[in-house]
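Protein chains in written order, with the numbering used here: chain S, 4 to 174; chain A, 2 to 315; chain W, 26 to 702.
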C-alpha cells in the first residue's frame, strides 16, 4: 500500500495538451442536432461505443482515450454502459450481418438529441472488408452518421478531435 | 420565525447545489491520484443540465413505478436535508425525525429504486435490485448498533441532541467507543452509497454493477433526478459523519456569524471526507460480491464493540 | 345473570346475534348457494362491525360483566371487558370486517366445488369465537372457546379438501394447535389449583401466593401454549403450511388476527395473572422474539410461494411483537414502569398494525390467486398493468410491513426501537447485552423484510408476465377491492395519525401495569421519554406530498425536455425480449441464500438433458436449489420418531384379549381410589 502511495506521489500529472490534427482525417457529414444541443454536449458528452464487427484495432485506440495521457474526461466526455445514458455513439467496424440489427436497436435506444461518430476506415466504407459475405455495409447504411474519422486505425488524438469536430469545437 | 425559515432554506439549498460539487471534487481527486487532469469539479452540474434537456426513452414493460421512483428519491433526499443538521443544531424542522427515522427514509428510497430496477424486466435491473437490497439489509444492523453506541454516549437519539452533547465534551474525539462507532458508520456510508470496495461507481461491466445496474434504463430528466438524489445521499451521509462525530464549527445558535462559520467548517470537513473517499477508492480493489457480507459483518462487530465499550467505560 | 352496563351489553348481544344469524342463515339457505354466501358473510360482517363498536366503547372506558351460571360446569360462563380485552376485540374486528366483505366476492369461485354454506357457517363460528376469547373471565369458558376457535379454523383450513397438501397442512395444524391446547390446559389447571379460583379477575391478586417454582412452571406451560398459537420459533411449523392452504380470507384472518390471540394470552400471563416475574422471563421472550423475527424473514426471503412467504413474514412480525413484550417484562422486573409501559405500547401498536397490513397483503395475494390460479411467483409478473388497483393496495401493504415512513409499520417499529434503545437505563451488563442483540436482530429483520417485500411485490406485479395465466389476469370483484381499500386506508391513517391509537393504548397499558408510558404525543408528533427520540409522521407525509408536487412543477418551470418515447428494454441489442430474460424469484433471493447458507443448507441440483444426436446441444436444463427446514429436521422429525417408537412399544398393551382389558380397568380403578383417598 505504501509503495502505491509513493508511486502516486512521485508521478506527476502526465496529461498532454491536445495538438491540432490535419483535417483530412476527419470528415463531418451531417448535423443532426441543433446549436443549443451542441453547446451542451460540448460541456458534457456521454459516449457509448458500439463494435459493429471490427477487428478491435480501433477499440484499442479508443481504449487509449481513457488513459492519463489522452484523458478524455477533461473535455467533459465520459464512456457509459447503457445507450439510454449516452449522447454519442462511437461506432467501429464494417457492419456485419449479425451486428446490423443490434446497432439499429442501440441507436433507437439512445435518447434524442444524439450524434453518431464513425471511427476508422471500416466504419466509413467497410475498409479492407468491403464486399465480404458477412458485411452489410458501412455504418451510414444503418444509422445516420454525423462525423467520420478516417484511419486504420486512427490515432486516439484523431478520434478525440473527430468527436469534438462533430460538436463543432475547435481545439 | 424568519431566521428559522431562512436557515432551513439555506440547508436545503446547500444540499441541493452542494452535492454535485462534492461528487465532482471526489472525481477530481481520484483523477489527480491517477496522474491525469480529470474533469472539472463542476462537471456534474454540466451533466445534470445536459440530461434535463434530453428526451426520456422508457421501456414498454415498465409501469408508473418507473416514472414515480426518481421523484420519490429526490423527495426523500430533500426532505432529509431538512432534518439533518447541516449548518445548525437548532433547525426548526429537526423535530420531524430522529436518526432512526432518517435511516428509514433512506431505506424508502432504496426500496423504490429496487422496484424500479425490476420494473423494466431486464436481467441487469433485477440483478442490481437483488444485490442492492441484500447490501442494504445487511448494513442495517451495523447502522442501528452504531446509533445505539452514539445514543448511549449522548443520551438521546435526536440528531440535534447528539451533536449538542458531543460539542459539550471536548475529549469525546479520543473516546475509543466514539471512534469505533465512526469507523463502523464510515463502512456503512461506503456500502450505502455504492463506493469502493463495495461497488464501483465508474464501472462499465454490468455484472459488477450494483447501484448502476438499477438505473441502466433511466434517461433524460429521470436519470438527472436519480443521479442528483444519489449525490445528495452521499452528501447527507458525509454531513452526518462530519457533524455527528466531529462537530467542530457547527452552529449552536442561529446568528449570521455562527451560520457562516458552520458553512465554512462544513465545506472543509466535506472536502476532507471527499478526499478520504477518493483515497480509499484508489487504494482498494472492489470486493467480490459475496465477500461484501464479510465486510459488513466486520463493521457490525466494530459497532458492537463500540456499544460494549460505552457500557463498560461510562 | 349479573349484568352491569346496558349499552355494552346491548352491543355484545347484537354481536352474538349477528354471528348466530349468519351461521344459521348460511345453513338454512344452503340450497341456494349465492344467497347462502351473502347471508353467511353478511351476518359475519354485521357482527364484526358491532364488535368493533363494542371494542371502541370498551377502550373509551365502558364496562360489562356477564355471568351465565349454568351454561358450563365449574363456574358457568363468565365474560367481562377491560381495556386490554377491548383493544384485542378492536384488533380482531379490524381484521374481520374487511375479511367478511372480501369473502363475499372471493368465495364465489368455490360454488359447486365445495360447500359454501359450510364455509360460511364455520366462518361465523370462527370469528365469533375469536371475538369472545379476549372477553372470557373464566377457565373453562376460555378453553371451550379456544377449542371452538381452533376447530372452526381447522375446518376452514381444509376447505379445499380435494387437494392432498391441504389435508396434510390441516393435519399438522390440528396436531400443533392441540399440543398447544394441552400445554394451556395444564397451565390453567395448575394456576387454578394454586390460587384456588377459576376466575381470571382474581388471579392478579392471588398470584402472590404462588411459589417461584410453580410460577416458573406455569409460565413455561403458558408460553408453550400461547406461543404455539402465536407462531414463535420453534413452534411455528404449522403456520407456513396452514396459511397458504386456507382460502385467502381465512389466511388473512388467521395470520392477521388469530395469532394475535397468542399475544393476548402472553400479555395476560405476563402482566396480569402471574404478576411480576423474574428477569429471565423477559429475557426469554426477547430472545425468542429476536430469533422468530430473523428466522421468519429469512425463510420468507427464499420462498417463491406468495402465501407461504406471507405466512413466514407473520412469524417475523410476531417476533417483533415479542421483542416489545419481552422488553416490557424486563423493564418491569428492573423496576422501570414508565419504560415497561412504553415497550408494551410499542408491542400492542405493532399487533394492531400487523393485523391491518398482513390482512391486506393476504387479501392481495388472494386476489392474485383468484385472477391467475397460481401462488407461485415464478409464474406471475406484469400484474400491475392487468390489476392496477390490487397492485396499489399490495404496494401499500408492502410499504407498511417493510416499516417505511409514513405508514403504520414504521411507527410501531420506531417505538419498539426507542424502547429497546432506552434499555441503557438498566445497569445489568447481561441484560444490556441481550438488549443490544435485540436491537441488532430488529434492525436485521427490518432490512430483510424490506428486501423480502421488494421481491414479493416486484416479481409478482412488475415487468412482464411469466406465464399465460398471468398474462390473462383480470381485476377482481369490487367487494374484494373495497375490503383491500379499507385496510390500505387504515394503514395510512394509523401511520399518519398515531395519536388515534396511542391515546387508547396508553390508557390500556396504564390499566394493566399501573405506569404511564414514557412518551408524549400529540396529533402530529411522538416523543419518546423527554426527547430521547422524535418523529412527526404527519409532517413527514405532508412534506412528501409537498416535494412530490414541487419537484415536477419546478422542472416544468425551468423548461426541461418533456418528450417521452417508448421503446424496448435495453437488452444489449438482443433481438428478443421475453419474460424468460427477467429476474426470477429464486435468483432474487440468491445472495441471501449464499450469505445465510448455514441456515438454509441448500441442496443444489443441476439436471442437463442433452440432444440425443449430439452432446453439444442442450435440450433442457433444470436447476433446483432447495433449502432444508432445520426445525423440521432437527426438532420435529426426531420428536415424531421418538413418539412413534414409544407407540410401537406401547402396542403390546393392545393385546386384543378382553380379560387383559378387564384387568386394566381394575388396576386403573384401584389406582384412582388410592390417589383420591
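By construction, the Cβ of each residue, glycine as well, lies at the ideal position given by its N, Cα and C atoms.
So, for residue i: in the same chain, excluding its five sequence neighbours on each side, which residues have a beta-carbon less than 6 Å away from its beta-carbon?
i, result
"residue 167(A)", "173 and 248"
"residue 97(A)", "84"
"residue 57(A)", "220, 221 and 223"
"residue 652(W)", "327, 625 and 627"
"residue 276(A)", "30"
"residue 67(A)", "117 and 120"
"residue 28(W)", "Unreliable positioning characterises residue 28(W) in this predicted model, as indicated by a pLDDT of 46, which lies under 50. The coordinate reading is nonetheless provided below. Same-chain partners within the cutoff: 34."
"residue 13(W)", "Not covered by the structure: residue 13(W). The range shown for chain W is 26 to 702."
"residue 516(W)", "381, 382, 421, 425, 432 and 433"
"residue 100(A)", "148, 158 and 160"
"residue 165(A)", "90"
Does the distance from the CB of residue i to the CB of residue j come in under 7 Å?
i, j, result
"residue 127(S)", "residue 151(S)", "yes"
"residue 250(A)", "residue 231(A)", "no"
"residue 376(W)", "residue 285(W)", "yes"
"residue 123(A)", "residue 215(A)", "no"
"residue 37(W)", "residue 153(W)", "no"
"residue 372(W)", "residue 355(W)", "no"
"residue 489(W)", "residue 596(W)", "no"
"residue 573(W)", "residue 76(A)", "yes"
"residue 546(W)", "residue 524(W)", "yes"
"residue 92(S)", "residue 159(S)", "no"
"residue 498(W)", "residue 588(W)", "no"
"residue 127(W)", "residue 508(W)", "yes"
"residue 125(A)", "residue 70(A)", "no"
"residue 73(W)", "residue 122(W)", "yes"
"residue 160(W)", "residue 211(W)", "no"
With H, G and I counted as helix, E and B as strand and the rest as coil, what does DSSP make of residue i?
i, result
"residue 65(A)", "helix"
"residue 35(A)", "coil"
"residue 650(W)", "strand"
"residue 638(W)", "coil"
"residue 91(S)", "strand"
"residue 480(W)", "helix"
"residue 118(S)", "strand"
"residue 629(W)", "strand"
"residue 143(A)", "helix"
"residue 581(W)", "helix"
"residue 312(W)", "helix"
"residue 138(S)", "strand"
Since residue i and residue j are thought to touch, with beta carbons under 8 Å apart, how far apart are those beta carbons, to the nearest angstrom?
i, j, result
"residue 274(A)", "residue 300(A)", "Wrong, their Cβ atoms sit about 17 Å apart, outside the cutoff."
"residue 428(W)", "residue 381(W)", "With 8 Å as the limit, residue 428(W) and residue 381(W) do not qualify as a contact, their Cβ atoms being about 13 Å apart."
"residue 197(W)", "residue 266(W)", "5 Å"
"residue 109(W)", "residue 536(W)", "7 Å"
"residue 150(W)", "residue 48(W)", "6 Å"
"residue 1(A)", "residue 197(A)", "The shown model of chain A, from 2 to 315, leaves out residue 1(A), and the question about it has no answer."
"residue 74(S)", "residue 18(S)", "5 Å"
"residue 332(W)", "residue 268(W)", "6 Å"
In terms of DSSP beta bridges, what is residue i paired with?
i, result
"residue 215(A)", "According to DSSP, residue 215(A) bridges with nothing at all."
"residue 81(S)", "49(S)"
"residue 559(W)", "552(W)"
"residue 163(W)", "224(W)"
"residue 645(W)", "634(W)"
"residue 546(W)", "551(W)"
"residue 29(S)", "152(S)"
"residue 60(A)", "592(W)"
Keeping to the same chain, check which residues put their C-beta closer than 7 Å to that of residue i; ignore five residues upstream and five downstream.
i, result
"residue 115(W)", "77, 80, 81 and 84"
"residue 42(A)", "22, 25, 26 and 29"
Considering only residues of the same chain and omitting the five flanking positions on each side of residue i, which have a CB-CB separation below 8 Å?
i, result
"residue 220(W)", "227, 228, 231, 232, 234 and 235"
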